[in-house]
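Notes follow once the structure below has been shown.
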Amino acid sequence: MKRLAVLDPDRCTGCQLCMFACNRRFGGGGLSYSAIMVRSSGGVERGFVVVVCRACPDPPCAKVCPTDALVPRKGGGVMLNPNKCIGCGMCLEACPFRAIQWDEHTNKPIVCVHCGYCVDYCPHGVLGMEEWPK
Amino acid sequence: MSPEVPSRVAYIDLSRRRYEFVERPDLFEEYLGGIGVAVKLLMEECPRNADPLGPENPIIFSVGPFNGLFPVASKTVSVFKSPHTKNFGESHAGGRSSMAIRLAGYGAIVIKGRSETPVYLAIHGDRVYFRDASALWGMSSTITVGRVLRELEPGSGIRTIMRIGLAGERMVSYASVCVDTFRHFGRLGLGAVFGSKKLKAVVISGKKSLKVSDPRAFREVYDEIYNLSIKSSLMKKYYELGTPMNVNPLNSIEALPVMNLKASRSDKASEISGERMARDYLGRRFSCSHCPVSCVHIAALRVPYETEPYFYKTVMISYDYEPTYALGSMLGVFDPDGLLKLLDSVEKYGLDAMSTGVALAWATEALERGLIGKDDVMGLELKFGDYKAYMKAVELLATRRNEFFSDLAEGVEHASSIYGGKEFALAFGGNEMPGYHTGPLAYAGFMTGGRHSHLDSAGYSLDQKFAKEGLPSPEEGAELLFKEEAWRQILTSLVVCLFSRKIYKPELVVKGLKVIGLDFTEDGLMELGKRILRMKNEFKLREGFSPDRLRIPRRITEVKSPNGMIDEDYLKRAVKRFYELVGLPPS
């Protein structure tokens, strides 16, 4: 399978178009459904941190999920079964990259599904799709 | 699914530490957002003859229907009564500001009153917090204040941090508000208005979503704008060399103001050109939120510590065309290291770079001519090119150290009314000039524009076009300026960056508005633009502006431009015609 990868974070100019692209999969503008986070590493003069799901082959977020709402995917990463999720937020803490975002409306996690929609809106080649596991 | 357009206005009272949210669809339906809504709110909130530094002067921030939705819609508009011109004040900033305000749920934020003790506002979604800022007051660098707030407040990545420096605290009439990193509400003194309210900073965060009426059409229009901004050549000049790419071309056509406009070109200009800076200093580029262009160019300057060998620091300093003109060519500073250090200093104190450069250029010439003495400048040997003396002067100016620097802290219009030297005091409508000695239409724009800025009506662009084919009559020139400025009211109501004006053509704007359920025609938009421009000028006239009293500094008529020598009569006729077109003839 393929995963979304951060090919070169030093090329990131912090435009956040990937975040808006991710949210657009659900139809509208804004950011509340975005699974990506780009922030500065302590002021933009020090560059940017691009936080995306790594598609772990053995994902810790799924291990700590008390209701098995996060199901490991073949090849890496997780899928969310919203019917099982109780919104406890354990997965947020378990991810060492803090790559899980939170949907305040449904009180459930937002996880990257590695669809690659954001890649087409990264003007500087920071994001790309790659074969995974390597 | 009903689409979302901005409508909520947050009214915040610093005196009583209260706030309320009011839904104002009336405002946003009629004026879209951004500048249209902001001017209307200013008319409602700012009492006639308000003291710009009094509690009654409102600070208004506004965004529009395209912010958070379309690319390059990355700007926030601020309006206030300007302590610099004592009249209409308007300033725009990018960074993360418009995203944060819109996605926190607001169309506009109105801040009134005055706090007894230093305060900063933290607005996270629909919560507003008044936080003590007494420990932050008096800090010497806006950069450090930003770092402290970054640690204190939540919302990393989805927030904006606006704050003032010492210049704002001391109410220098052209103090700026620093936004995030290296972005500003510059020019007409919003920083001083913050200072007068004891408001050190405003932090805003939010990550709402915005519904559209037709998701498929939304994505189509989005892609059209995105492709134009990244795959066409329309934005190329902004992302390659950035705005300082203007230095060499303007110098070669004799349009670059040099040493208080004693000249319009210099053999040394290429030393501070976009090409030179990119080759030897460019360390990083960055973007405002939701803009793929990344026009912000940051130099990496390696500085040795003079007292200790093998000890260095690397300072990151933003450079753009206007600060390069004002603190570079205008002051005869063509040493790029020196220019960068001077830029860094202005950034830390929170001054408007353009007004500061023009003010120091005037002071240098006033000293040369003996209008002021050595005591006035506290023994500083202000000489064109001496960036070290200018760095010291920036400190004295920002902190209003003596009577002379305190006068200079009110701008060259004010200082020259006390010390003389009006003929070379380069301000228009009370605002120091931008870096375009391109011809009469640029100057007519500085005189008539809502902000007395080059961005009001782009006369510099017309001048450069007509330099090849000959100038039109002043009346025809005024008509072109008026049309451009009226259309720009629409762009700044949406609010898109004016660098994307060649992308956001009327046809595309109409399409974009349709996606969120707003039906406008191109003609309808143009009429609205004229109405907003007229409303702005109504405010100016209400507060005592008179086109008849506009001063033309003689200096601009004595130096060659790409359109030859500038004719005062041409300017006067253009100004007269402009106000006839606005519909408010000179009183």
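Just so you know, the sequences run in chain order R and D.
Take any residue in the first sequence, note its place counting from 1, add 977, and you have its number in the working numbering.
Take any residue in the second sequence, note its place counting from 1, add 2, and you have its number in the working numbering.
A virtual CB, placed ideally from N, CA and C, is assigned to each residue, including glycine.
Should Arg161 of chain D be labelled buried (16 or more other beta-carbon atoms within 10 Å of its own) or exposed?
-> Here residue 161 of chain D refers to the residue found at position 159 when the second sequence is read from its first residue. By the 10 Å Cβ count, Arg161 of chain D comes out buried.
Among D:Val74, D:Asn262, D:Leu192, which one has its Cα closest to the Cα of Tyr228 of chain D?
-> The sequence position of residue 228 of chain D within the second sequence is 226, counting from 1. That would be D:Val74, whose Cα lies nearest to the Cα of Tyr228 of chain D.
Taking the C-alpha atoms as reference points, what is the distance between Phe506 of chain D and Gly91 of chain D?
-> Position 504 of the second sequence, counted from the start, is the residue given in the question as residue 506 of chain D. Position 89 of the second sequence, counted from the start, is the residue given in the question as residue 91 of chain D. Phe is not the amino acid found at residue 506 of chain D; the sequence shown has Tyr there. Distance between the alpha carbons of Tyr506 of chain D and Gly91 of chain D is about 25 Å.
Residue ranges of each beta strand (DSSP E) run of no fewer than 3 residues wholly in the region 196-281 of chain D, ordered along the chain?
-> The DSSP assignment places complete beta strand (DSSP E) segments of no fewer than 3 residues inside the region 196-281 of chain D at 201-207, in order along the chain.
For Arg402 of chain D, three-class secondary structure by DSSP = Taking the first residue of the second sequence as position 1, residue 402 of chain D is located at position 400. Here Arg402 of chain D sits in coil by DSSP.
For Glu471 of chain D, three-class secondary structure by DSSP | Counting from 1 along the second sequence, the entry for residue 471 of chain D is found at position 469. Reduced to three states, the DSSP call for Glu471 of chain D is helix.
Chain D partners of Arg1016 of chain R, CB-CB under 7 Å?
-> Counting from one through the first sequence, the residue named residue 1016 of chain R turns up at place 39. Around Arg1016 of chain R, the beta-carbon contacts reaching into chain D at under 7 Å are Ser158, Gly159.
From Phe1025 of chain R to Ser289 of chain D, what distance separates their C-alpha atoms?
-> In the first sequence, the residue the question calls residue 1025 of chain R occupies position 48. In the second sequence, the residue the question calls residue 289 of chain D occupies position 287. Distance between the alpha carbons of Phe1025 of chain R and Ser289 of chain D is about 11 Å.
Buried or exposed by the 16-neighbour rule on C-beta atoms within 10 Å, applied to Phe196 of chain D | Here residue 196 of chain D corresponds to residue number 194 of the second sequence, with the count starting at 1. Looking at its Cβ environment, which holds 16 or more other Cβ atoms inside 10 Å, Phe196 of chain D is buried.
Any C-beta of chain R under 8 Å from that of Tyr228 of chain D | On the second sequence, position 226 is the one that residue 228 of chain D refers to. True, the Cβ-Cβ gap to chain R drops below 8 Å.
Under 7 Å from the C-beta of Leu71 of chain D: neighbouring residues of chain R = By one-based count along the second sequence, residue 71 of chain D stands at place 69. For Leu71 of chain D, the C-beta contacts it makes with chain R under 7 Å involve Gly1006, in order along the chain.
Tell me, please, whether the region 148-166 of chain D touches the region 392-406 of chain D by the rule of three or more beta-carbon pairs shorter than 8 Å.
-> Fewer than three beta-carbon pairs drawn from the region 148-166 of chain D and the region 392-406 of chain D are found closer than 8 Å, and the two stretches are therefore not classed as touching.
At 8 Å on the CB atoms, spell out the chain R contacts of Gly148 of chain D, in chain order.
-> Mapped onto the second sequence, residue 148 of chain D falls at position 146. Neighbours of Gly148 of chain D in chain R, taken as residues whose beta carbon is under 8 Å from its own, are Gly1020 in chain order.
Spatially closest choice to Ala1032 of chain R from R:Lys1085, R:Met1056, R:Ser1009, by CA coordinates = As a first step, residue 1032 of chain R must be located in the first sequence, where it is residue number 55. Nearest option by C-alpha distance: R:Met1056.
With DSSP as the reference, label Lys513 of chain D as helix, strand or coil.
-> Taking the second sequence and counting its residues from 1, one reaches residue 513 of chain D at position 511. Helix.
In angstroms, rounded to a whole number, what distance separates the CA positions of Gly423 of chain D and Met279 of chain D?
-> One-based indexing of the second sequence puts residue 423 of chain D at position 421. One-based indexing of the second sequence puts residue 279 of chain D at position 277. C-alpha separation (whole angstroms): 34 Å.
Residues, ordered as in the chain, of the region 274-293 of chain D that lie near chain R by beta-carbon distance below 9 Å = Going along the region 274-293 of chain D in chain order, one finds Gly285, Arg286, Arg287, Phe288, Ser289, Cys290, Ser291, His292, Cys293 with a Cβ nearer than 9 Å to chain R.
May I have the straight-line CA-CA distance separating Thr146 of chain D from Ala95 of chain D, to the nearest angstrom?
-> Residue 146 of chain D sits at position 144 when you count from the first residue of the second sequence. Residue 95 of chain D sits at position 93 when you count from the first residue of the second sequence. Straight-line spacing of the CA atoms in Thr146 of chain D and Ala95 of chain D works out to 20 Å.
Give a yes or no on whether 8 Å exceeds the smallest Cβ distance from Phe1074 of chain R to chain D.
-> Counted from its first residue, the first sequence places residue 1074 of chain R at position 97. It does not; no Cβ of chain D falls within 8 Å.
Ile1077 of chain R versus Arg980 of chain R: straight-line alpha-carbon distance, rounded = What you label residue 1077 of chain R is simply residue 100 of the first sequence in a count that begins at 1. What you label residue 980 of chain R is simply residue 3 of the first sequence in a count that begins at 1. Near 16 Å, if we compare the C-alpha coordinates of Arg980 of chain R and Ile1077 of chain R.
Compare the beta carbon distance of Tyr240 of chain D and Val295 of chain D with 8 Å and say whether it is the shorter of the two.
-> The residue labelled residue 240 of chain D in the question sits at position 238 within the second sequence. The residue labelled residue 295 of chain D in the question sits at position 293 within the second sequence. Yes; because the gap between Cβ atoms is below 8 Å, this pair is in contact.
6 Å Cβ shell around Asn1084 of chain R - same chain, five flanking residues per side excluded = For the purposes of this step, residue 1084 of chain R is taken as residue 107 along the first sequence, with counting starting at 1. So the list reads Gly1064, once near-sequence residues are dropped.
Through-space distance from Gly170 of chain D to Thr450 of chain D, alpha-carbon basis = Working through the second sequence from its first residue, we reach residue 450 of chain D at position 448. Working through the second sequence from its first residue, we reach residue 170 of chain D at position 168. Whole-angstrom Cα-Cα distance: 27 Å.
DSSP three-state assignment for Arg556 of chain D, whether helix, strand or coil | Against the second sequence, residue 556 of chain D aligns to sequence position 554. Arg556 of chain D falls in the helix class under three-state DSSP.
Counting only runs that start and end within the region 288-367 of chain D, where is the beta strand (DSSP E) found for 3 or more residues in a row?
-> Runs found: 298-306, 314-321.
Take Arg267 of chain D and list the residues in its own chain whose beta-carbon comes closer than 7 Å to its own, dropping the five residues that flank it on each side.
-> In the second sequence, counting from the first residue as 1, residue 267 of chain D sits at position 265. Same-chain partners within the cutoff: Asn253, Glu256, Leu258, Val260.
State the CB to CB distance for the pair Gly35 of chain D and Leu496 of chain D, rounded to an integer number of angstroms; the pair is presumed to be in contact (CB under 8 Å).
-> Residue numbering aside, residue 35 of chain D sits at position 33 when the second sequence is read from its first letter. Residue numbering aside, residue 496 of chain D sits at position 494 when the second sequence is read from its first letter. That pair is a contact at about 7 Å.
Exposure label - Leu333 of chain D; buried when at least 16 CB within 10 Å = In the second sequence, counting from the first residue as 1, residue 333 of chain D sits at position 331. Around the beta carbon of Leu333 of chain D, 16 or more other beta carbons lie within 10 angstroms, which makes this residue buried.
Return the Cβ separation of Val1021 of chain R and Val983 of chain R in integer angstroms, given the expectation that the two are a contact with Cβ distance under 8 Å.
-> Walking along the first sequence from the start, residue 1021 of chain R turns up at place 44. Walking along the first sequence from the start, residue 983 of chain R turns up at place 6. Between the beta-carbon of Val1021 of chain R and that of Val983 of chain R there is about 17 Å, and that puts the pair past the 8 Å contact cut.
Where does Pro311 of chain D land, buried or exposed, given buried means 16+ other C-beta within 10 angstroms?
-> Position 309 of the second sequence, counted from the first residue, corresponds to residue 311 of chain D. Of the other Cβ atoms in all chains shown, fewer than 16 fall within 10 Å of the Cβ of Pro311 of chain D; this residue is therefore exposed.
Answer yes or no: does any C-beta atom of chain D fall closer than 8 Å to that of Asn1084 of chain R?
-> Counting from 1 along the first sequence, the entry for residue 1084 of chain R is found at position 107. At a cut-off of 8 Å between beta-carbon atoms, Asn1084 of chain R makes no contact with chain D.
Please say whether Leu384 of chain D and Thr366 of chain D have beta carbons closer to each other than 8 Å?
-> Position 364 of the second sequence holds residue 366 of chain D. Position 382 of the second sequence holds residue 384 of chain D. Yes, Cβ-Cβ distance for Thr366 of chain D and Leu384 of chain D is below 8 Å.
Using a Cβ cut-off of 7 Å, pull out every chain R residue sitting near Ser296 of chain D, in sequence order please.
-> Here residue 296 of chain D corresponds to residue number 294 of the second sequence, with the count starting at 1. Thr990, Cys992, listed in chain order.
Helix, strand or coil: which one does DSSP assign to Asn433 of chain D?
-> For this step, residue 433 of chain D is matched to residue 431 along the second sequence. In this structure, Asn433 of chain D counts as strand in the three-state DSSP scheme.
C-alpha gap between Val214 of chain D and Phe220 of chain D, whole angstroms = Within the second sequence, residue 214 of chain D is the residue found at index 212, counting from 1. Within the second sequence, residue 220 of chain D is the residue found at index 218, counting from 1. Cα-Cα distance, rounded: 7 Å.
Within the same chain, show all residues whose beta-carbon is closer than 6 Å to that of Leu552 of chain D, passing over the 5 residues directly before and after it, in chain order.
-> Reading the second sequence from its first residue, position 550 is the one you call residue 552 of chain D. For Leu552 of chain D, the CB contacts under 6 Å within the same chain, skipping 5 residues up- and downstream, are Met449 in chain order.
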